[in-house]
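Protein chains: 2
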Amino acid sequence: MSISPKLALLEEYALVARALSAPARLMLLEQLAQGERGVEALADKTGLTIANCSQHLQQLRRAALVTSRRDGKAVIYRLTDAKTLALMDLLRIVAERNLAQVERILRGLSSGKDAPEPVSREDLAVRIAEGSVTVLDVRPADEYAAGHISGALNMPLIEIERIIPTLDLAAEIVAYCRGPYCIYAHQAVAALRKHGINARRLDGGLPEWREDGLPVMSGAQ
Amino acid sequence: MSISPKLALLEEYALVARALSAPARLMLLEQLAQGERGVEALADKTGLTIANCSQHLQQLRRAALVTSRRDGKAVIYRLTDAKTLALMDLLRIVAERNLAQVERILRGLSSGKDAPEPVSREDLAVRIAEGSVTVLDVRPADEYAAGHISGALNMPLIEIERIIPTLDLAAEIVAYCRGPYCIYAHQAVAALRKHGINARRLDGGLPEWREDGLPVMSGAQ
DNA sequence: CTATTATTCAAGTCATCGCTTGAATGATGT
DNA sequence: ACATCATTCAAGCGATGACTTGAATAATAG
Numbered sequence: 000m001s002i003s004p005k006l007a008l009l010e011e012y013a014l015v016a017r018a019l020s021a022p023a024r025l026m027l028l029e030q031l032a033q034g035e036r037g038v039e040a041l042a043d044k045t046g047l048t049i050a051n052c053s054q055h056l057q058q059l060r061r062a063a064l065v066t067s068r069r070d071g072k073a074v075i076y077r078l079t080d081a082k083t084l085a086l087m088d089l090l091r092i093v094a095e096r097n098l099a100q101v102e103r104i105l106r107g108l109s110s111g112k113d114a115p116e117p118v119s120r121e122d123l124a125v126r127i128a129e130g131s132v133t134v135l136d137v138r139p140a141d142e143y144a145a146g147h148i149s150g151a152l153n154m155p156l157i158e159i160e161r162i163i164p165t166l167d168l169a170a171e172i173v174a175y176c177r178g179p180y181c182i183y184a185h186q187a188v189a190a191l192r193k194h195g196i197n198a199r200r201l202d203g204g205l206p207e208w209r210e211d212g213l214p215v216m217s218g219a220q
Numbered sequence: 000m001s002i003s004p005k006l007a008l009l010e011e012y013a014l015v016a017r018a019l020s021a022p023a024r025l026m027l028l029e030q031l032a033q034g035e036r037g038v039e040a041l042a043d044k045t046g047l048t049i050a051n052c053s054q055h056l057q058q059l060r061r062a063a064l065v066t067s068r069r070d071g072k073a074v075i076y077r078l079t080d081a082k083t084l085a086l087m088d089l090l091r092i093v094a095e096r097n098l099a100q101v102e103r104i105l106r107g108l109s110s111g112k113d114a115p116e117p118v119s120r121e122d123l124a125v126r127i128a129e130g131s132v133t134v135l136d137v138r139p140a141d142e143y144a145a146g147h148i149s150g151a152l153n154m155p156l157i158e159i160e161r162i163i164p165t166l167d168l169a170a171e172i173v174a175y176c177r178g179p180y181c182i183y184a185h186q187a188v189a190a191l192r193k194h195g196i197n198a199r200r201l202d203g204g205l206p207e208w209r210e211d212g213l214p215v216m217s218g219a220q
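First to last, the sequence lines map onto chains A and B.
Counting from 1, position 85 in the first sequence corresponds to residue 84 in numbering that gives the first Met the number 0; the numbering is continuous, with no gaps.
Counting from 1, position 16 in the second sequence corresponds to residue 15 in numbering that gives the first Met the number 0; the numbering is continuous, with no gaps.
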């Protein structure tokens, strides 16, 4: 024990905050919020080198935000529990609530002022049951394959302009992606609205949907 | 706008986390949770130099965790809103839930295993109304003077051993301090229990009590 | 206006972090 | 046992952060 237990405690709290203080690690956490992943898959998705990715993961593990297990020769990481997700969420909420900068970045994405309110998860669940809505999963195909909202169509952002003519325009379109940290859904909605299509964003992404106990179509892990 | 809005966003989130990643700044936030303070008062309480303290405060302000106003020649800082407090709380919860290290530090304080469950704020409010409890504010006298739980006695940690004989042992003792980051109450309870006195800790401190809308005796600012 | 007091700015130092590269470890399959 | 593959470790480099010192700014008092 150190001379100052008070400082030692604060040091531990600070360690957790420091683990969240690098964009690369937030990207990793966002990926892990989709489901557990191996090191190589994470490196791929985030564009980090394997070694660098491994080092970041070890920092996250030191802060107990993630845990790992072995599976054959691979090491699989996952979020420790829902509290990690809660912490990320609150971090985002504070940042968005307070920083004009964030506002401006998100504004820029929706190419102006016509970004509508997001749809709540509860509302979307009801409307899916009614069949009065088309749900688009705008994440990459492999993430869709690993699990998605029941009834959602996969439409990666790259193909969205191409696929517009095939959409059923009678139902409203709701797009979702990885979660609050992810801007795919923002971009998709902006693209659709530019073509005059009635599209909105889901509040939150797949991790939040799953956390709420709403129906998910699970793929192979 | 940068080439990658995604990274720019994550950079903003990371900025908030980074602001929380230094023990010195957590100390400052803990002080500010007691109420607004000037730079010099904060420097005094935390043991930082004035210049260093000012720099930390500016980082907290950049992350929008605190705001400031001028009052004559002094600049007064305060927490931006309750979300800052919530973020600190969640940080602590995650750290304590996950890190064996934290457990060990807190165990060490209560000199063993006999640390009882803390009293909830709700329960304490009821029992104060009944008069079935003695509430001790173990913060320094000046902080007590600036505001405390209605009915609480001030008993700074330094004097606690000396004052033990004067306590009414019929009622249970409940000690509180600045809040979850503060270990005064832990230490006070440990000291009292070492003398066989029935003492417990309040869950949370004055900021949480105030946040819950429970009765506070406000002193001069 | 000048002096005073509270705070902030600026420059410098030392430590730490993030990333890269290349080697070491650990589990699996032949 | 050996080769193979995924991951981790270790060393090095450049950038950033924390703290110190001393000067600059801003508001008030005389």
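We put the CB at the ideal spot given by N, CA and C, even for glycine.
In this text, all values refer to a predicted model and were calculated from it rather than measured experimentally.
- Scanning chain B for C-beta atoms nearer than 7 Å to the C-beta of N97 (chain A) yields A63 and T79, reported in chain order.
- In the three-state scheme derived from DSSP, where H, G and I count as helix and E and B as strand, N51 (chain B) is classed as helix.
- Counting C-beta atoms within 10 angstroms of its own C-beta, Q57 (chain A) has fewer than 16 neighbours from the protein chains shown and is therefore classed as exposed.
- Rounded to the nearest angstrom, the gap between the Cα atoms of L84 (chain B) and G71 (chain A) is 43 Å.
- In this structure, the beta-carbon distance from V137 (chain A) to Y183 (chain A) falls below 7 Å.
- Excluding residues up to 5 positions away in sequence, G150 lie with their Cβ nearer than 6 Å to the Cβ of I127 (chain B) in the same chain.
- If you look at L8 (chain B), you'll find it isn't in any beta strand (DSSP E); it sits in the alpha helix (DSSP H) that goes P4 to A18.
- Only those residues of the region 8 to 21 of chain B whose C-beta falls short of 7 Å from the nearest C-beta of chain A are listed: L8, L9, E10, E11, Y12, A13, V15, A16, R17, L19, S20 and A21.
- CA-to-CA, the gap between L25 (chain B) and T165 (chain B) works out to about 35 Å.
- Residues of the region 147 to 181 of chain A with a C-beta less than 9 Å from any C-beta of chain B: Y180 and C181, listed in chain order.
- Taking 7 Å as the threshold, the shortest C-beta distance from K82 (chain B) to chain A falls below it.
- Counting C-beta pairs closer than 8 Å gives fewer than three between the region 211 to 220 of chain A and the region 1 to 12 of chain B, which falls short of the contact rule.
- Uninterrupted beta strand (DSSP E) stretches at least 3 residues long and entirely within the region 122 to 184 of chain B occur at 132 to 136, 146 to 148 and 171 to 175, given in chain order.
- Contact between L123 (chain A) and V188 (chain A) is ruled out by a C-beta separation of about 14 Å, above the 8 Å threshold.
- Scanning its chain for C-beta atoms nearer than 7 Å, with the 5 sequence neighbours on each side dropped, one finds around P117 (chain A) the residues R199, R200, L201 and D202, in chain order.
- A straight-line Cα-Cα distance of about 29 Å links G46 (chain B) and I163 (chain B).
- For L25 (chain B), the nearest CB of chain A lies under 7 Å from its own CB, placing it at the interface with that chain.
- With a 10 Å radius around the Cβ and a threshold of 16 neighbouring Cβ atoms, R91 (chain A) comes out buried.
- For R209 (chain B), the number of other beta carbons within 10 angstroms of its own is at least 16, and it is reported as buried.
- Burial state of I49 (chain B) is exposed, judged by a 10 Å Cβ sphere holding fewer than 16 other Cβ atoms.
- Any Cβ of chain B closer than 7 Å to the Cβ of R91 (chain A) would place that residue at the interface, and such an atom is present.
- Listed along chain B is no residue with a C-beta nearer than 9 Å to that of L205 (chain A); the closest approach is about 17 Å.
- Ranking A:P155, A:L168, A:G146 and A:H185 by CA distance to the CA of E35 (chain A) puts A:G146 first.
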